Amino acid sequence: MWRTLLIAPLGSLLVLAFACVTLVLPIVGFGVACAAIFVWIAIIRPYWALLATFFLIPFEYLTVLVPADSYGSGGFLNHITLIKLMFAAIITAGLLRLTVMKDERIFQTVSLTPIPALLIAFISLCWLSLANTQRVPAFAVNMMSLGSGVVAFFILINLVSDRDRLYVFLKVVCVSYIFIALAGMFEAVTKTHLLKLLGRPMIERPWTENPDAFRICGPSGDPDYYAVSIIFGLMITFAVWPLLKHRLLKAGLLGVALLHFLAIVATASRGAALSTALALGIFYLFARIRHKVLIGTACVIVLGGAFAIFSLTISSRAAARYTGDTSSWEERLGWITMCYEMMMDAPVRGAGSGQFAPQYHRYMKTHSVPREAESAQNTYAQMAAQNGIPTTLVYLAANVILWFVLYRVFRGTRDPVLAHIAVSIFSLALSFFLFSLTLDLAETEVSWILFALGVILWRLFSKERADATVAAVA
7 MWRTLLIAPL
17 GSLLVLAFAC
27 VTLVLPIVGF
37 GVACAAIFVW
47 IAIIRPYWAL
57 LATFFLIPFE
67 YLTVLVPADS
77 YGSGGFLNHI
87 TLIKLMFAAI
97 ITAGLLRLTV
107 MKDERIFQTV
117 SLTPIPALLI
127 AFISLCWLSL
137 ANTQRVPAFA
147 VNMMSLGSGV
157 VAFFILINLV
167 SDRDRLYVFL
177 KVVCVSYIFI
187 ALAGMFEAVT
197 KTHLLKLLGR
207 PMIERPWTEN
217 PDAFRICGPS
227 GDPDYYAVSI
237 IFGLMITFAV
247 WPLLKHRLLK
257 AGLLGVALLH
267 FLAIVATASR
277 GAALSTALAL
287 GIFYLFARIR
297 HKVLIGTACV
307 IVLGGAFAIF
317 SLTISSRAAA
327 RYTGDTSSWE
337 ERLGWITMCY
347 EMMMDAPVRG
357 AGSGQFAPQY
367 HRYMKTHSVP
377 REAESAQNTY
387 AQMAAQNGIP
397 TTLVYLAANV
407 ILWFVLYRVF
417 RGTRDPVLAH
427 IAVSIFSLAL
437 SFFLFSLTLD
447 LAETEVSWIL
457 FALGVILWRL
467 FSKERADATV
477 AAVA
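If you want our numbering, it's the position in the sequence shown, counting the first as 1, plus 6.
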């Protein structure tokens, strides 16, 4: 009785306050209403909330709640996005459900492979670098990005609990990245960056300032990070292939794959080109495809022709970068040398998460690198510099185990659909490792989604083996 007497007036006051806010600031009121609805969905249907969140992840940069005045400026608040708030709602709802329902599935999922434990150890070791940190705001921003990836990982492995949920998740992600690829094609054709049209700040680089050096950036704001999204979308497109039964839908899926390929070409990212070639080569080698030689020959002809026509007619900058311009490789070598020097000054704990840019000018010296601070463009070199050698080895171990898990799944499963998906993710994981040697990928959610998909596929494979053992005994 006393709870009802307490909740009723409080609820009435909240409704009245919401009505007043809506009358004065309709946009704020609408936002509060949408937030309340999403929280409610996260409580009663957490899987639906997950699908909505991961559909929007590729557009995260567009969902910054308080945009900075210029690219790279601003503080902690300028890095809070709608996606991070959606993750927070799902986590809160999950903790409430765990408290009420006493669901032990989360602990069973975490213990399936060493990957979750290694990722927890990785994040813990990253926090130890706080002792050497000189700029705490940069540390906070970096850890928030890594924390967002960890959250995405644990949400996925606990809510994508069976084959049907995995299949739906892959289809939703596939559709989401179609829009990302279309955004890139819009930029390639119009020679206009989407973020500039929307009034969002962009980094000052030749490809954003000089029309002759134009490269597409998509919602990511950077050609290379945009390419990461497109490669991910391309391999997820291949993963979805056996889930579609109608021939017309499969023909459309081939068109989507070609769209992703052209978007990768238009980024003029050589790291992306090499990674895409590796992903497609591994996929072709291990995928169980009928008429493999005929299909492979046709793909080489179509993709080669599309690359030549597209690069010469629409994206001439891509052709120029793929055939010359060696300056970026010299810069990358300089950044790696800087990372080595920074790592040797603090080999165990590192200089601190997010500290490469703040200490850039201290280690720049005479290296052939840009005078303005930026990323080291190498995941493992920058991680060793910022977080130390032990942290880097733990992260590398998590990746190696991921490859082993995915290989075991597609080699051992009797389910052709599961094997096909595992091959797609395996190809993607190895290609991302190659890309990580030319770009900092640890902070991108896509890398953490790969870890989660590996754990999910291993859980489904383990259940398949357990069911087969029970059937054999019976």
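Every residue gets a Cβ at the ideal spot worked out from N, C-alpha and C, and that includes glycine.
Note that the structure is a prediction, hence the values are computed from the model and not measured.
Note to self: In this structure, how does DSSP classify residue 444 when only helix, strand and coil are distinguished?
What the structure shows: Your numbering for residue 444 matches position 438 in the sequence shown. Here residue 444 carries a coil assignment [DSSP, helix/strand/coil].
Check: In terms of residue numbering, what span does the alpha helix (DSSP H) encompassing residue 149 cover?
Finding: Reading the sequence shown from its first residue, position 143 is the one you call residue 149. Run containing residue 149: 142-165, per the alpha helix (DSSP H) assignment.
Margin query: Quick check on residue 397: does DSSP put it in helix, strand or coil?
Written below: As a first step, residue 397 is located in the sequence shown; it is residue number 391 there, counting from the start. Helix at residue 397.
Check: Using the C-alpha atoms, what's the distance from residue 460 back to residue 407?
Finding: Taking the first residue of the sequence shown as position 1, residue 407 is located at position 401. Taking the first residue of the sequence shown as position 1, residue 460 is located at position 454. The alpha-carbon of residue 407 is positioned some 9 Å away from that of residue 460.
Next item on the list: Thinking residue 225 and residue 64 are a contact (beta carbons under 8 Å), I'd like their distance in whole angstroms, please.
Entry: Here residue 225 refers to the residue found at position 219 of the sequence shown. Here residue 64 refers to the residue found at position 58 of the sequence shown. Going by Cβ atoms, the distance from residue 225 to residue 64 rounds to 7 Å, so yes, they are a contact pair.
Item checked: Exposure of residue 350, with buried meaning 16 or more beta-carbon neighbours within 10 Å -> Position 344 of the sequence shown, counted from the start, is the residue given in the question as residue 350. Exposed is the label assigned to residue 350, since fewer than 16 other Cβ atoms lie within 10 Å of its Cβ.
Next item on the list: Note down, in chain order, each residue of its chain lying with its Cβ closer than 6 Å to the Cβ of residue 86, except the 5 sequence neighbours on either side.
Entry: The count along the sequence shown starts at 1 and reaches residue 86 at position 80. If you ignore the 5 residues before and after residue 86, its C-beta comes within less than 6 Å of the C-beta of 71, all in its own chain and listed in chain order.
Check: Does DSSP classify residue 98 as helix, strand or coil?
Finding: Here residue 98 refers to the residue found at position 92 when the sequence shown is read from its first residue. Residue state, collapsed to three classes: helix.
Notebook entry, point to check: Where does residue 243 fall in DSSP's three states?
Noted result: Counting from one through the sequence shown, the residue named residue 243 turns up at place 237. Residue 243 falls in the helix class under three-state DSSP.
Notebook entry, point to check: Is it a yes or a no for the segment 387-398 touching the segment 453-473, going by three-plus beta-carbon pairs under 8 Å?
Noted result: Output reads no: the segment 453-473 does not touch the segment 387-398.
Notebook entry, point to check: Do the CB positions of residue 269 and residue 236 come within less than 7 Å of each other?
Noted result: Start at 1 with the first residue of the sequence shown, and residue 269 comes out as number 263. Start at 1 with the first residue of the sequence shown, and residue 236 comes out as number 230. Yes, they are a contact pair.
Next item on the list: Note down the Cα distance separating residue 133 from residue 442, rounded to an integer number of angstroms.
Entry: Numbered from its first residue, the sequence shown carries residue 133 at position 127. Numbered from its first residue, the sequence shown carries residue 442 at position 436. Residue 133 and residue 442 have their C-alpha atoms some 22 Å from each other.
Notebook entry, point to check: Hey, out of 248, 177, 254, 307, whose CA is closest to residue 296's CA?
Noted result: Walking along the sequence shown from the start, residue 296 turns up at place 290. Ranked by how close their Cα comes to the Cα of residue 296, the residues 248, 177, 254, 307 have 248 in first place.
Next item on the list: Using beta-carbon positions only, say whether residue 59 and residue 358 come within less than 7 Å of one another.
Entry: Within the sequence shown, numbered from 1, the residue matching residue 59 stands at position 53. Within the sequence shown, numbered from 1, the residue matching residue 358 stands at position 352. Taking 7 Å as the Cβ cut-off, residue 59 and residue 358 do not qualify as a contacting pair.
Notebook entry, point to check: Should residue 90 go down as buried or exposed, given a rule of 16 or more other Cβ atoms within 10 Å for buried?
Noted result: Translated into the one-based positions of the sequence shown, residue 90 becomes position 84. Classification for residue 90: buried.
Check: Where do the ends of the alpha helix (DSSP H) carrying residue 170 lie?
Finding: For the purposes of this step, residue 170 is identified with residue 164 of the sequence shown, where counting begins at 1. It spans 169-196 - the alpha helix (DSSP H) in which residue 170 sits, taken as one unbroken run.
Checklist line | Residue environment, residue 367, which counts as buried when at least 16 other CB atoms sit within 10 Å | finding: As a first step, residue 367 is located in the sequence shown; it is residue number 361 there, counting from the start. Residue 367 should be labelled exposed.
Next item on the list: Please classify residue 372: does DSSP put it in a helix, a strand, or coil?
Entry: Taking the first residue of the sequence shown as 1, we reach residue 372 at position 366. Per DSSP, reduced to three states, the secondary structure at residue 372 is coil, with no helix or strand assignment.
Notebook entry, point to check: How would you call residue 199, buried or exposed, if buried means at least 16 neighbouring beta carbons within 10 angstroms?
Noted result: One-based indexing of the sequence shown puts residue 199 at position 193. By the neighbour-count definition (other C-beta atoms within 10 Å, threshold 16), residue 199 is a buried residue.
Notebook entry, point to check: Below 7 Å between beta carbons: does that hold for residue 392 and residue 416?
Noted result: Here residue 392 is taken as the residue at index 386 of the sequence shown, counted from 1. Here residue 416 is taken as the residue at index 410 of the sequence shown, counted from 1. Contact: no.
Check: So what's residue 354 in DSSP terms, helix, strand or just coil?
Finding: If you number the sequence shown from 1, residue 354 lands on position 348. Under the three-state reduction of DSSP, residue 354 is assigned to coil, being neither helix nor strand.
Item checked: residue 165 versus residue 52 - alpha carbon distance -> The residue you call residue 165 lines up with position 159 of the sequence shown. The residue you call residue 52 lines up with position 46 of the sequence shown. Taking the straight line from one Cα to the other gives about 7 Å.
Check: Can you tell which of 145, 154, 473, 162 has the C-alpha that lies nearest to the C-alpha of residue 55?
Finding: In the sequence shown, counting from the first residue as 1, residue 55 sits at position 49. Just measuring C-alpha positions, the residue of 145, 154, 473, 162 sitting nearest residue 55 is 162.
Margin query: Measuring only the C-alpha atoms, how far is residue 142 from residue 369?
Written below: Against the sequence shown, residue 142 aligns to sequence position 136. Against the sequence shown, residue 369 aligns to sequence position 363. So the two alpha carbons sit approximately 19 Å from each other.
Item checked: Supposed contact pair residue 450 and residue 277 - C-beta distance, whole angstroms, cut 8 Å -> Sequence index remark: in the sequence shown, residue 277 carries index 271 (1-based). Sequence index remark: in the sequence shown, residue 450 carries index 444 (1-based). Contact annotation, residue 277 with residue 450: C-beta distance approximately 14 Å; criterion of less than 8 Å not satisfied.
Next item on the list: Buried or exposed for residue 205, please, with buried defined as at least 16 other CB atoms from any protein chain shown within 10 angstroms of its CB.
Entry: Your numbering for residue 205 matches position 199 in the sequence shown. Looking at its Cβ environment, which holds fewer than 16 other Cβ atoms inside 10 Å, residue 205 is exposed.
Note to self: According to DSSP, residue 87 sits in a beta bridge with which residue or residues?
What the structure shows: Position 81 of the sequence shown holds residue 87. According to DSSP, residue 87 shares a beta bridge with 70.
Item checked: residue 201 and residue 191 closer than 7 Å at C-beta -> Numbered from its first residue, the sequence shown carries residue 201 at position 195. Numbered from its first residue, the sequence shown carries residue 191 at position 185. Inclusion of residue 201 and residue 191 in the CB contact set at 7 Å is not warranted, their separation being larger than that value.
Next item on the list: Please report the residue range of the alpha helix (DSSP H) in which residue 449 lies.
Entry: Position 443 of the sequence shown, counting from 1, holds the residue named residue 449. Unbroken run through residue 449: none, as it is neither H nor E.
Notebook entry, point to check: Cβ atoms of residue 384 and residue 431: under 7 Å apart, would you say?
Noted result: If you number the sequence shown from 1, residue 431 lands on position 425. If you number the sequence shown from 1, residue 384 lands on position 378. No, they are not a contact pair.
Checklist line | Three-state class that DSSP yields for residue 139 in the structure shown | finding: Locating residue 139 in the sequence shown gives position 133, counting from the first residue. Looking at residue 139 - three-state DSSP - the assignment turns out to be coil, as it is neither helix nor strand.
Next item on the list: For residue 294, count neighbouring C-beta atoms within 10 Å of its own C-beta (all shown protein chains included) and say buried if the count is 16 or more, exposed if not.
Entry: Counting from one through the sequence shown, the residue named residue 294 turns up at place 288. Its Cβ having fewer than 16 others within 10 Å, residue 294 is exposed.
Item checked: Continuous alpha helix (DSSP H) stretch holding residue 215: start and end -> Your numbering for residue 215 matches position 209 in the sequence shown. Segment 212-215, the alpha helix (DSSP H) holding residue 215.
Next item on the list: Jot down the residue ranges of each uninterrupted alpha helix (DSSP H) in the segment 377-422, minimum 4 residues, whole runs only, in chain order.
Entry: Complete alpha helix (DSSP H) runs here, min 4: 385-393, 395-418.
Notebook entry, point to check: Since residue 219 is in the alpha helix (DSSP H), which residue starts that stretch and which ends it?
Noted result: Along the sequence shown, one-based indexing puts residue 219 at 213. Boundaries cannot be given for residue 219, as no alpha helix (DSSP H) includes it and DSSP labels it neither H nor E.
Check: What whole-angstrom Cβ distance do residue 44 and residue 95 have, given they're in contact under 8 Å?
Finding: As a first step, residue 44 must be located in the sequence shown, where it is residue number 38. As a first step, residue 95 must be located in the sequence shown, where it is residue number 89. Contact between residue 44 and residue 95 is confirmed by a C-beta separation of about 6 Å, below the 8 Å threshold.
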